[in-house]
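Enquirer: In terms of the working numbering, the sequence shown opens at residue 3 and continues consecutively.
Idealized CB from N, CA, C, for every residue including glycine.
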Amino acid sequence: MKHWQIDQMDWDAFDATKVNPDILAVVKAASVVERNARDYTLYLKNVFHDDSGFSDAALNWAEEEVQHGDALGKWAMLADPGWNYVEAFDKYREAYKIDTEVSASIRGSRTGELIARCMVETGTSSFYTALADATEEPVLKAVCKQIAADEYRHFKLFYDNMHRYLEREKLGRWFRLRIALSRLMEGEDDELATAFYITNGERFSSYDHKSCIAAYMARALSFYRQRHLDRVTAMILKTSGLTPHSRMQQWLARGLHALISWKQKSFARQLVSQA
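This is the structure in structure tokens:
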């Protein structure tokens with residue numbers, strides 16, 4: 003069951019004067035990525051082919067993710083009436099595909115797969131929280147808060163199932179941490195770069211991964227503040243079986259904030275050099 007419906011949002015409260023062009027560009031990209039969740043469900047159903055309970059939960063997860071895309075897409079079309087969310091998604095589906103025809107997780111185990119999913123939800127819950135804090139547009143702020151709450155519940159879904167498989171597969175804490183950190187580092191792959199290119203195509207003459215990911219990351223990373231990364235690192239350590247609120251977590255949070263600040267500035271400089 004969905005915890006909210008798109009029609010329940012107060013769309014009449016939309017204020018065009020408070021639309022930030024950089025936030026709009028990122029929201030457009032996020033909308034098509036979110037809507038693509040059904041492909042990931044096919045992948046998960048194949049990995050967990052004999053676990054009907056989890057497969058059913060994954061189907062419900064996907065429908066909520068699709069709703070996230072639809073809500074963000076609706077907002078983006080209010081902010082930019084000349085942009086078509088459905089057409090953009092169709093183009094994105096043609097340009098970016100994941101391999102759903104698998105029989106086992108690319109992470110090496112089902113526990114590893116669920117750790118990776120926990121990290122995706124960690125990233126998205128923190129991202130939409132940061133986006134809600136960054137925007138002054140009231141409708142987007144409300145939508146992002148709803149999505150962030152969903153993503154945190156999704157984290158719990160994958161976290162609880164991870165522990166169920168951990169009892170069988172016995173992955174050690176540091177091995178789990180390695181999987182978690184490696185999944186977080188995959189944020190600069192073609193998924194987001196392609197989404198930004200497709201949804202903001204007027205900015206580019208052709209697709210180039212380096213320039214497209216720089217255009218996305220220079221904007222998206224600018225929304226993060228230390229408080230957002232405090233939560234991220236706590237969730238990383240919790241997933242890995244380490245103490246979430248500890249000196250290690252504080253050190254990791256400060257380090258992650260410094261890394262993200264450096265990367266954001268690096269991507270921004272890259273954009274300037276390409277202009």
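State the start and end residues of the unbroken alpha helix (DSSP H) segment that holds residue 268.
Expert: 249-276
Enquirer: Less than 8 Å between the beta carbons of residue 160 and residue 103, yes or no?
Expert: Their beta carbons are not under 8 Å apart, which means residue 160 does not touch residue 103 by this criterion.
Enquirer: For residue 219, which of helix, strand or coil comes out of DSSP?
Expert: Residue 219 falls in the helix class under three-state DSSP.
Enquirer: Going by Cα to Cα distance, which pick from 54, 23, 245, 226 is closest to residue 126?
Expert: In terms of CA proximity to residue 126, 226 leads the group 54, 23, 245, 226.
Enquirer: Assign residue 19 to one of three DSSP states: helix, strand, or coil.
Expert: In the three-state reduction of the DSSP assignment, residue 19 falls in the helix class, which pools H, G and I.
Enquirer: In terms of residues, what are the limits of the alpha helix (DSSP H) holding residue 293?
Expert: With the chain covering only 3 through 277, there is no way to say anything about residue 293.
Enquirer: Using only the alpha-carbon positions, how far apart do residue 118 and residue 185 sit?
Expert: 6 Å
Enquirer: Fully enclosed by the segment 26-110, which beta strand (DSSP E) runs are 3 residues long or longer?
Expert: The segment 26-110 is shown to contain no whole beta strand (DSSP E) run of 3 or more residues.
Enquirer: Thinking residue 60 and residue 8 are a contact (beta carbons under 8 Å), I'd like their distance in whole angstroms, please.
Expert: Not quite, the Cβ-Cβ distance comes to about 21 Å (not below 8 Å), so this is no contact.
Enquirer: Confirm, please, whether the CB-CB distance from residue 235 to residue 251 is below 8 Å.
Expert: yes
Enquirer: Where do the ends of the alpha helix (DSSP H) carrying residue 147 lie?
Expert: 140-171
Enquirer: Tell me the rounded alpha-carbon separation between residue 130 and residue 149.
Expert: 7 Å
Enquirer: Residue 230 to residue 63, Cα distance in whole Å?
Expert: Just so you know, the alpha carbons of residue 230 and residue 63 end up roughly 23 Å apart.
Enquirer: Would you mind reading off the limits of the alpha helix (DSSP H) that contains residue 115?
Expert: 112-136
Enquirer: How long is the line joining the alpha carbons of residue 275 and residue 209, rounded to whole angstroms?
Expert: 17 Å
Enquirer: Select from 116, 10, 16 the residue whose C-alpha is nearest the C-alpha of residue 47.
Expert: 116
Enquirer: Which residue from 21, 67, 33 puts its Cα closest to that of residue 4?
Expert: 67
Enquirer: For the alpha helix (DSSP H) containing residue 178, name the first residue and the last one.
Expert: 175-186
Enquirer: Where does the unbroken alpha helix (DSSP H) through residue 196 begin, and where does it stop?
Expert: 192-201
Enquirer: Does the distance from the CB of residue 29 to the CB of residue 94 come in under 8 Å?
Expert: The Cβ atoms of residue 29 and residue 94 do not sit closer than 8 Å to each other.
Enquirer: Please report the distance separating the alpha-carbon of residue 191 from that of residue 111.
Expert: For residue 191 and residue 111, the distance between alpha carbons rounds to 22 Å.
Enquirer: Are the beta-carbon atoms belonging to residue 25 and residue 136 less than 8 Å from one another?
Expert: yes
Enquirer: Distance check for residue 264 and residue 223, CA to CA, integer angstroms please.
Expert: 10 Å
Enquirer: Inspect the beta-carbon positions of residue 71 and residue 37 and report whether they are closer than 8 Å.
Expert: yes
Enquirer: Taking buried to mean at least 16 other C-beta atoms within 10 Å of its own C-beta, is residue 92 buried or exposed?
Expert: exposed
Enquirer: Check whether the Cβ atoms of residue 218 and residue 195 sit closer than 8 Å, and answer yes or no.
Expert: yes
Enquirer: Go through its chain and collect everything with a Cβ distance to residue 44's Cβ below 6 Å, but skip five positions before and after it.
Expert: 102
Enquirer: Is it right to say residue 108 is buried, meaning 16 or more other beta carbons lie within 10 angstroms of its own, or is it exposed?
Expert: exposed
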